[in-house]
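Below: the structure, in structure tokens.
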Amino acid sequence: MGVVDRNILRMGVWECLYGQPGSTGAYINESVKLAKIYCDSKSVNFIYGVLCAASGRNRGDKGEGPKSIELKV
1 MGVVDRNILR MGVWECLYGQ PGSTGAYINE SVKLAKIYCD SKSVNFIYGV LCAASGRNRG
61 DKGEGPKSIE LKV
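Position one of the sequence shown corresponds to residue 1 (my numbering), numbered consecutively onward.
Here's what the structure looks like:
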């Protein structure tokens, strides 16, 4: 994985996890646009898949990101 691919993923995952709720589709779209400009086609598909998984779009929870888990010690 190239440096640019990795940095696009970092930005996209950060936006999915800590950005405004409900707008993960926009973050994914912006990351994919950047990947189309700076990366090859295999990387674009990979970045899209990773960001969808990170945002929860494939799990059916409407892309709200991961849920907080309370750990009892």
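Every residue, glycine too, gets a C-beta built ideally from N, C-alpha and C.
Note that the coordinates shown come from a computational prediction; the quantities given were computed from them, not determined experimentally.
Residue i, DSSP secondary structure in three states
i	result
Asp40	coil
Gly49	helix
Gly22	coil
Gly56	coil
Gly2	coil
Cβ-Cβ separation, residue j to residue i (assumed contact under 8 Å), whole Å
i	j	result
Cys39	Gly2	7 Å
Status (buried if at least 16 other CB within 10 Å, exposed otherwise) for residue i
i	result
Tyr27	buried
Leu17	exposed
Ser43	buried
Same chain, Cβ closer than 7 Å to residue i, neighbours up to 5 away in sequence not counted
i	result
Ser31	Ile8, Met11, Gly12, Ile47, Leu51
Leu34	Ile8
Leu36	Just to set this straight, residue 36 is Lys in the shown sequence, not Leu. Excluding positions up to five away in sequence, the list reads Val44.
Own chain, CB closer than 6 Å to residue i, minus 5 neighbours either side, in chain order
i	result
Ala54	Val13, Cys16
Asp5	Cys39, Ser43
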